[in-house]
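A short worksheet on the structure shown next.
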Amino acid sequence: MSKADSLHTASSRADAAPLEWKQLYQGALFETDSVTIRARIIDAQIAVLRRSTELVGRSPCREHQELEDAWRFLYLLGSELSAGKLPDLL
Numbered sequence: 138m139s140k141a142d143s144l145h146t147a148s149s150r151a152d153a154a155p156l157e158w159k160q161l162y163q164g165a166l167f168e169t170d171s172v173t174i175r176a177r178i179i180d181a182q183i184a185v186l187r188r189s190t191e192l193v194g195r196s197p198c199r200e201h202q203e204l205e206d207a208w209r210f211l212y213l214l215g216s217e218l219s220a221g222k223l224p225d226l227l
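Residues are numbered in the numbering used here as their position in the sequence shown, beginning at 1, plus a constant of 137.
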């Protein structure tokens, strides 16, 4: 792989990173299957943490706040699910 190819691949991965966590986050939010929702929440939390780690040391941006909000909501969703406080919409 040439240096140019390597740089292009790294750039493509960086561009895809924001999309990955957002897609997993939305998947967890809109999951209606009570069997798979926990796994979706965990997958989304992992993606949020990974992306947050990638952004450490960068200037604050909108995505930082989006990640923080997503983390809080995923935590709340998981807590409410564990406590049996979610309605029977699932």
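No residue lacks a Cβ here, since even glycine has one placed at the ideal position from N, Cα and C.
- With fewer than 16 other Cβ atoms inside 10 Å of its own Cβ, Gln163 counts as exposed.
- Under the 10 Å beta carbon count, Ala165 is surrounded by 16 or more other beta carbons and is classified as buried.
- Cβ neighbours of Leu223 within its own chain (closer than 7 Å, five residues either side excluded): Glu217.
- Boundaries of the alpha helix (DSSP H) harbouring Thr190: Ile174 to Glu191, taken from the DSSP string.
- It is roughly 20 Å from the alpha-carbon of Asp170 to the alpha-carbon of Trp158.
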